[in-house]
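Residue numbers (this note's numbering): 1 to 183. The next block holds one structure in the form of structure tokens; read it before the comments.
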Amino acid sequence: MSIELVSFANLKSFMNLADAAITDYPALGVIRDSVTAAFENHTSRLFEEIERTQTIFIGRCVTSMISLSGVPVASVSTVTVTIGGDDESYTEDDDYEITSYGIRLFSELKNSKIVVVYTGGLSAVPTDIARAALLQTVHEFQSKDQLGSETVRTDGGTISHPPLGLLKEVRRILRQYIHPLGW
């Protein structure tokens, strides 16, 4: 189940839709889900707060910064570091701390594999993300018949559409939610 960035009730109200359920508008459901995926891709993070298992491979570069995709991190269940075939369990306060980007190890590692089981993501959708999702979903739904067209000619003249992608205002809103290591 994916996080719902914008509710059907808000979409229905904004667009004056008559039918009672999003299933009555199949394209709208697809677009709403694709907007969530586009937002996550743009911000380099996953929004839904769930338990995740993430495996990170560290090569020859030495690092102590472990970037996790579901931020903010609410809790960490386990951190297992494998070096040369030997597994070691790390504990919070002794071996790492939770940060805005994931976790920071108290020691630097290279040539290792780290498996982190954690819960992270947004516990609630911020109002500005909900607004951005509303704007983007409405824009894509109303433009679905001219998908990819920048100019559409009709008997009454021409209509220009912004290029396909996130709206400029939506990108501005999402800027503050880009993963701290995603800049």
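Virtual Cβ for every residue (Gly too), placed ideally from N, Cα, C. Since we're looking at a predicted model, the values are computed, not measured.
Backbone CA spacing between residue i and residue j [nearest angstrom]
i: T127; j: G84; result: 47 Å
i: K113; j: E140; result: 41 Å
i: G157; j: S143; result: 17 Å
i: G165; j: T80; result: 39 Å
i: S69; j: A9; result: 29 Å
i: P180; j: Y90; result: 23 Å
i: D155; j: Y101; result: 52 Å
i: Q54; j: R172; result: 29 Å
i: N111; j: L105; result: 15 Å
i: S75; j: E4; result: 22 Å
i: T78; j: L122; result: 20 Å
i: L174; j: H42; result: 8 Å
i: D87; j: T36; result: 36 Å
i: T137; j: R153; result: 23 Å
i: G182; j: T99; result: 14 Å
i: I22; j: V115; result: 38 Å
Cβ-based burial, residue i [other Cβ within 10 Å; buried from 16]
i: V170; result: buried
i: F57; result: exposed
i: A124; result: exposed
i: R60; result: exposed
i: F47; result: buried
Residue i vs residue j beta-carbon contact at 8 Å
i: S44; j: I129; result: no
i: S107; j: S64; result: yes
Other residues of its chain near residue i: CB distance less than 8 Å, five sequence neighbours each side excluded
i: D33; result: S2
Contact with chain C by residue i, beta-carbon distance below 8 Å
i: I83; result: The displayed structure is made up of one protein chain only, and chain C is not part of it.
Nearest-angstrom Cβ-Cβ length linking residue i and residue j, presumed shorter than 8 Å
i: E51; j: V117; result: 7 Å
i: A133; j: V6; result: 4 Å
i: G120; j: V71; result: 6 Å
Contacting residues, own chain, Cβ-Cβ under 7 Å from residue i (five flanking each side not counted)
i: K12; result: none
i: A38; result: L166
Other residues of its chain near residue i: CB distance less than 6 Å, five sequence neighbours each side excluded
i: I103; result: I66, Y96
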